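Take a look at the structure set out below.
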Amino acid sequence: MALKRRPKGGNFVNIEELLTNAAKAGASDVFIVAGLPFSYKLNGKIHYLNDTRLMPGDTKALVEGIYQLAPEKDFDAFLKSGDDDFSFAIKGVSRFRVSTYKQRGSLAAVVRIITFDLPDPEMLGIPRSVIELSSFTKGLVLVTGPAGSGKSTTLACMIDEINRTKEDHIITLEDPLEFLHSHKKSIVSQREISTDTVSYVTALRSALRQSPDVILLGEMRDYETINVAMTAAETGHLVISTLHTVGAANTIDRIIDVFPPNQQSQIAVQLSMVLQAVVSQQLLPCTDGTLAPAFEIMTVNTAIRNMIRDNKVHQIDGLIYSSATPSLQSMDNSILKMYKSGRIDKATALLYATNQEMLKRRLM
């Protein structure tokens, strides 16, 4: 499609209307970048609103319009820093998670659309065995995967399960807040980094003095945060968090490798005692044009605790791969089920496989 430049002085629809229409269309993300039309992502594919390219003046007006929808944010401060992250809501439409930035001297933004309604895990294809990991009363549960793989959605479903079934105090620490949880059986305190508190580690330390039963930690980003999170899990709290790793073994190695070499043996022992489960997920494009998740599920048992403690993490993948129980499911077994049901084609199955050669033999 030949793209057109918008005529100087032409009219442009306001950002609130554009975001509202994108949300109603079921889009997951909106892109405002000079040189391209207003764009949105639907089922993993990018679509243009029309064939008219945005000019730098257009993107500046649209980004400034976003800040007008989030009046507590400082547009001038963003112009100085060149980067900003925040969230806001359009009443009756949706919540939006925004990342604004500069590129090639012009303003740009990516907006993630988050529905007001909490997602239905069954409709999204999240296994019941994943949701039931929220039944732990203490320890560390991790949901991992690449950016955009649906980790936040899975976490929201787990928190909602606790909220509906237990009389707990749930503290969520997020950057930014995504899904909003009302108080059901539980009390839910949701804190946004930079708005309600300075940092993850500051909020996490404070949370330990706020009588929590469950702490949702949006991301374990660094040594200090991981260290405090493990201490929280060790002292009788359920800590649920995320990493950008794929696979339980990679996740365990990543946590241990964050610590100095002289502490790693001690951390392996500590992790072997507090880790309850690791869920890894990927979003796969389906034959019908939609996206669906594939999962690796590792619920920690005695054998896995021994492997972590004895520095034999490399053996975990084999144990998961050979298991046929819901508590231990390999990513490739999940992908194989999707292929056999006709949801994905062979090329997609192999592209997302963790062991392509082995899966290829099973597909024959």
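Heads up, the sequence shown is in the numbering used here, so the first residue is -7 and it goes up one at a time. Backbone N, C-alpha and C define an ideal beta-carbon position, used for all residues, glycine too. Being a predicted model, the structure only gives us computed values, none of them experimental.
- A Cβ-Cβ separation of about 6 Å places His229 in contact with Ile207 under the 8 Å criterion.
- In this chain, the beta strand (DSSP E) harbouring Leu208 covers Val206 to Leu209.
- Using a Cβ-Cβ distance cut-off of 8 Å, the stretch 99 to 117 and the stretch 198 to 216 are not in contact, since fewer than three pairs of beta carbons, one from each stretch, lie closer than that value.
- By the C-beta criterion, the stretch 272 to 287 is judged to be in contact with the stretch 130 to 141, since at least 3 inter-stretch pairs fall below 8 Å.
- Under the 8 Å Cβ criterion, the stretch 154 to 166 counts as touching the stretch 178 to 190, having at least three qualifying pairs.
- In the three-state reduction of the DSSP assignment, Ala284 falls in the strand class.
- Around the C-beta of Asn303, fewer than 16 other C-beta atoms lie within 10 Å, and the residue is accordingly described as exposed.
- The Cβ atoms of Pro119 and Phe251 lie no closer than 8 Å to each other.
- Taking every protein chain shown into account, the CB of Gln258 has fewer than 16 other CB atoms within 10 angstroms, so this residue is exposed.
- DSSP places Phe67 in the uninterrupted alpha helix (DSSP H) bounded by Phe67 to Ser73.
- In the DSSP assignment, Leu172 falls outside any beta strand (DSSP E) and carries neither an H nor an E.
- Selection Asn219, Thr92 and Leu132 evaluated against Leu267 yields Leu132 as nearest (Cα-Cα).
- Within the model, the alpha-carbon separation for Gly74 versus Phe23 is close to 17 Å.
- Inter-residue distance for Thr291 and Tyr331 is about 24 Å (C-alpha atoms, whole angstroms).
- Taking 8 Å as the cut-off, the Cβ atoms of Leu283 and Asn35 count as close.
- For Gly131, the enclosing beta strand (DSSP E) starts and ends at Gly131 to Thr136.
- When rounded, the separation of the alpha-carbon atoms in Phe70 and Glu153 is 37 Å.
- Apart from the 5 residues on each side of it in sequence, Ala19 sits with its Cβ closer than 7 Å to the Cβ of Tyr32, Lys33, Leu34 and Ile105 in its chain, given in chain order.
- Sorting Thr340, Tyr344 and Val270 by C-alpha distance to the C-alpha of Pro318 places Val270 at the top.
- If you look at Ser257, you'll find it isn't in any beta strand (DSSP E); it sits in the alpha helix (DSSP H) that goes Gln256 to Val266.
- Counting C-beta atoms within 10 angstroms of its own C-beta, Ile38 has fewer than 16 neighbours from the protein chains shown and is therefore classed as exposed.
- Shown here, Pro277 sits in a strand according to DSSP, grouped into three states.
- When the Cα atoms are used, Val122 and Gln307 turn out to be separated by approximately 22 Å.
- Between Gly281 and the set Leu328, Asp337 and Asn325, the nearest pair of CA atoms involves Asp337.
- Setting aside the 5 residues that flank it on each side, Pro285 is surrounded in the same chain by Gly117, Gly142, Gln273 and Leu275, each with a C-beta closer than 6 Å to its C-beta; the list follows chain order.
- Cys278 is a Cβ neighbour of Arg335, given a cutoff of 8 Å.
- Shown here, Thr187 sits in coil according to DSSP, grouped into three states, outside any helix or strand.
- In this model, Leu196 and Leu110 are separated by some 25 Å (Cα to Cα).
- Distance from the CA of Ile82 to the CA of Gln60, rounded to the nearest whole angstrom, comes to 11 Å.
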